[in-house]
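Engineer: Chains as they are written, first to last, in the working numbering: chain R, 1 to 341; chain H, 1001 to 1341.
Quick one: structure below, then a few questions.
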DNA sequence: CTGAAAGCGCTTACAG
DNA sequence: CTGAAAGCGCTTACAG
């Protein structure tokens, strides 16, 4: 590959001038610009990204780390990632995908992270990723519930999870449901704790006593098993219970699908016998199944966009004031899976 | 951040030695190793990835480019990406996600790609991404149908699309179906061309005449519209047709869901009135809906794994013989959405 | 608007 | 097993 010296020599200018033509950080005369560009084209020259990074100290990449474990994207993640990648490209940034946890610095061969900043999706308690980012002094923003873990000033973009749960409970309770089952996310997700608490508060607000069968947590397992979560919990809980659960709140669309499957096997109809509400699912897909699923629009793509904007502010790519915590709106999309008790 | 000179000075050794401790390319005495490591820990030192890359000429990252446009991942893409990221991490490689097309070199500020190789998902006719990769001399492997476009020796990982379509047609025809509708992928996808041809051949093989309503192509549009594709084509085709279509082959699970929706609105039952076969869908999700969907297991995760392995061979990270074209197996998973005519 | 020179933080022959 | 020095391919004050 041609390098800057080759272009400079053939164009009869200095390296600095060639650099300026490409970076546009200082003006160059039209004549020189055109000559340099022509030679560059002939030589198939393009500035070496790595060399540039070394001196500018910018990699023009941000890291996107998702929880470790045998993890698979949900449609929620899809749209979130879409928002991130598209918005990042607006500022000339690329996205480095890290699905497994940022590894321990166990092997000495580990080098620094070639990223200018990071977005941490679904922060967890004792999150190794956050500890390392902090230690390496890489600016980051978390998306999802952030608990205080000593890193006081963490920037975060999130939905208002308390409001979400209260809205859902108010909605279902207003329809006459008092025995609801909540298929929550995994216990290691900080979001699930906030949601459980809000769920309990919402019940109290309406003078409904909490019962053991009302809250379930997704086991932290592999893909296949997590697909069965909705089925297993629904099937076993409902078949062993004497009282009648009349509404189920499912953490995501997959959980909802598998819960529906269990309901069918148990002989229950949705929504005639049992209502089903999805917190975090793909709205289009939820619209296509039968019955179409009522749920909450969390705007995952918007979460991604706002996370990138916040990070760009922290990196001083974006000027002006900004808030360290950003809440993305959510609202109920009524469809056919919930009805009066 | 501390740099190699700081560590070298405090540890009383040369930079070269510090380098060796971290890269492990040359042995260092236990005493020195331990001292360097201790100092490094104290200073929070870690080798600068960019500086290392500049001299080794390796970024230890591969690019993953998906088709441009207003694109959203399907569950197929999810699992594929999973395979790629996990397998790449095995070799110490990270994955740079490019969702929009590798841009034209229109603005001169564009720098080289900081990747050692690339995986191109869903190659298209006149694929700009491939042209650029080729021009920048970045090794790449394509996943999905590759048509000859002057780049003769492109490495590729793929399913056997001809076999897939023949297997599906043989399966449905053996059940008595002769009037089948194929909701194919978008016309710009090379895979859809191969599948259409195979579909036509399969019909010929069984002496079934091709009719205009039998093949449809997903319009290249935004997310919302593509979700409607299955619905629209199914609804309009079936309501305007005098003869009876008895089986539908859907390109992916979303198309299948929305086709099912249309069938329900038209008063058809699956599979009693019309059978439904899904080519490329999330098997677990297809198992959870009612009726559970019969489809083809394309092993998307395995496609990702093999694509990375092939690329690692091309980058000489992996030693030994390898084939430039790799076919990943597929097989029919029988569930409840197809039945005898 | 342009050039000459230093420097970004590493690795790598070369020499011992 | 270790060190001294050159060099990876750019950008950036500094000077004009």
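Here a beta-carbon is modelled for each residue, glycine too, at the ideal position from N, C-alpha and C.
(1) For residue 1031 of chain H and residue 1313 of chain H, I'd like the C-alpha separation in whole angstroms.
(2) Would you mind telling me which residues of chain H sit closer than 9 Å to residue 261 of chain R, beta carbon to beta carbon, in chain order?
(3) Using Cβ-Cβ distances below 8 Å, what residues of the segment 1133-1144 of chain H are close to chain R?
(4) Closer than 9 Å by beta-carbon distance: list the chain H residues that pair up with residue 98 of chain R, in chain order.
(5) Residues in its own chain within less than 6 Å of residue 1021 of chain H by CB, not counting five upstream and five downstream?
(6) Could you tell me the alpha carbon to alpha carbon distance between residue 304 of chain R and residue 64 of chain R, rounded to whole angstroms?
(7) Helix, strand or coil for residue 250 of chain R? Go by DSSP, reduced to three states.
(8) Under 7 Å between C-beta atoms, does residue 1051 of chain H make it to chain R?
(9) Counting pairs of Cβ atoms below 8 Å between the segment 166-177 of chain R and the segment 193-206 of chain R, do you hit three or more?
(10) Look up residue 1023 of chain H in the DSSP assignment and say whether it is helix, strand or coil.
(11) Buried or exposed for residue 294 of chain R, please, with buried defined as at least 16 other CB atoms from any protein chain shown within 10 angstroms of its CB.
(12) At a CB-CB cut-off below 7 Å, which residues of chain R make contact with residue 1129 of chain H?
(13) Between the beta-carbon of residue 144 of chain R and the beta-carbon of residue 114 of chain R, is there less than 7 Å?
(14) For the candidate residues H:1267, H:1258, H:1084, H:1253, whose alpha-carbon lies nearest to that of residue 1239 of chain H?
(15) Between the beta-carbon of residue 1011 of chain H and the beta-carbon of residue 1045 of chain H, is there less than 7 Å?
(16) Return the residue from the list R:112, R:25, R:155, R:245 that minimises the CA-CA distance to residue 135 of chain R.
(17) Answer with yes or no whether the minimum CB distance from residue 80 of chain R to chain H is below 7 Å.
(18) So residue 1195 of chain H and residue 1165 of chain H are supposed to be a Cβ contact under 8 Å. How far apart are they, rounded?
(19) Quick one: list the residues of chain R neighbouring residue 1061 of chain H, beta-carbon separation under 8 Å, in chain order.
(20) Return the CA-CA distance between residue 197 of chain R and residue 162 of chain R, expressed in angstroms with no decimal places.
(21) Give the residues from the segment 5-31 of chain R that approach chain H closer than 8 Å (Cβ to any Cβ), ordered along the chain.
(22) At the 7 Å Cβ level, is residue 1076 of chain H part of the contact set with chain R, yes or no?
(23) For the segment 272-313 of chain R, which segments carrying the beta strand (DSSP E) assignment without a break, of at least 3 residues, lie completely within its bounds, in sequence order?
(24) In whole angstroms, what is the alpha-carbon distance linking residue 1311 of chain H and residue 49 of chain R?
(25) On the three-state DSSP scale, how would you describe residue 1269 of chain H?
(26) Just to confirm the assignment, what range does the alpha helix (DSSP H) spanning residue 170 of chain R have?
(27) Can the beta-carbon of residue 118 of chain R be found closer than 7 Å to that of residue 132 of chain R?
(28) Using a Cβ-Cβ cutoff of less than 7 Å, which residues in the same chain neighbour residue 189 of chain R once the five nearest sequence positions on both sides are dropped?
(29) Are the beta-carbon atoms of residue 263 of chain R and residue 274 of chain R separated by less than 7 Å?
(30) Are the C-beta of residue 270 of chain R and some C-beta of chain H separated by less than 7 Å?
(31) For residue 314 of chain R, go through chain H and note every residue whose CB falls closer than 7 Å to its CB, in chain order.
(32) Contact criterion: CB-CB distance below 7 Å. Does residue 322 of chain R meet it with respect to chain H?
(33) Since residue 1260 of chain H and residue 1283 of chain H are thought to touch, with beta carbons under 8 Å apart, how far apart are those beta carbons, to the nearest angstrom?
(34) Under 7 Å, Cβ to Cβ, is there at least one residue of chain H near residue 257 of chain R?
(35) Quick one: give me the first and last residue of the alpha helix (DSSP H) that residue 194 of chain R is part of.
(36) Identify the residues that DSSP records as bridge partners of residue 1098 of chain H: which are they?
Structural biologist: Straight from the coordinates:
(1) Spanning the two alpha carbons is a distance of roughly 37 Å.
(2) Within chain H, the residues whose beta carbon sits less than 9 Å from that of residue 261 of chain R are 1287, 1288, 1289, 1290, 1292, listed in sequence order.
(3) So the close ones are 1135, 1136, 1137.
(4) Within chain H, the residues near residue 98 of chain R are 1085, 1089, 1094, 1095.
(5) Contacts found: 1028, 1033, 1036.
(6) If I take the Cα positions, the gap works out to 10 Å.
(7) In the three-state reduction of the DSSP assignment, residue 250 of chain R falls in the strand class, which pools E and B.
(8) Between residue 1051 of chain H and chain R, the shortest Cβ-Cβ separation is below 7 Å.
(9) The segment 166-177 of chain R vs the segment 193-206 of chain R: in contact.
(10) If DSSP states are grouped into helix, strand and coil, residue 1023 of chain H belongs with the helices.
(11) Burial call: buried.
(12) Under the 7 Å cutoff, chain R gives no residues; its nearest Cβ is about 14 Å from residue 1129 of chain H.
(13) In this structure, residue 114 of chain R does not lie closer than 7 Å to residue 144 of chain R by Cβ.
(14) That would be H:1267, whose Cα lies nearest to the Cα of residue 1239 of chain H.
(15) Not in contact: residue 1011 of chain H and residue 1045 of chain H (Cβ atoms no closer than 7 Å).
(16) For residue 135 of chain R, the closest C-alpha among the options R:112, R:25, R:155, R:245 is that of R:112.
(17) Judged by the 7 Å Cβ criterion, residue 80 of chain R is not in contact with chain H.
(18) In this structure, residue 1195 of chain H and residue 1165 of chain H form a Cβ contact; the two beta carbons are roughly 5 Å apart against a cut-off of 8 Å.
(19) By Cβ distance, chain R contributes 96, 114.
(20) Going by the C-alpha atoms only, they are around 8 Å apart.
(21) For chain H, the residues of the segment 5-31 of chain R that bring a beta carbon within less than 8 Å of one of its beta carbons are 21, 22, 23, 24, in chain order.
(22) Not one chain R Cβ lies under 7 Å of residue 1076 of chain H.
(23) Qualifying beta strand (DSSP E) stretches, in chain order: 275-280, 294-297.
(24) Each residue's Cα considered, the two are about 21 Å apart.
(25) Residue 1269 of chain H falls in the coil class under three-state DSSP.
(26) Here the alpha helix (DSSP H) through residue 170 of chain R covers 161-174.
(27) No, these two residues do not count as a Cβ contact at 7 Å.
(28) Around residue 189 of chain R: 122, 124.
(29) Contact flag set, yes.
(30) Residue contact check for residue 270 of chain R against chain H: no CB pair falls below 7 Å.
(31) Result: empty, since nearest Cβ-Cβ is about 17 Å, beyond 7 Å.
(32) It does not: the Cβ of residue 322 of chain R has no partner Cβ on chain H nearer than 7 Å.
(33) For a cut-off of 8 Å, the C-beta gap from residue 1260 of chain H to residue 1283 of chain H is around 17 Å, too long to register as a contact.
(34) Residue-level contact check: residue 257 of chain R touches chain H, since one or more beta carbons of chain H fall below 7 Å from its beta carbon.
(35) First-last of the alpha helix (DSSP H) with residue 194 of chain R: 190-205.
(36) Paired residue(s): H:1065.
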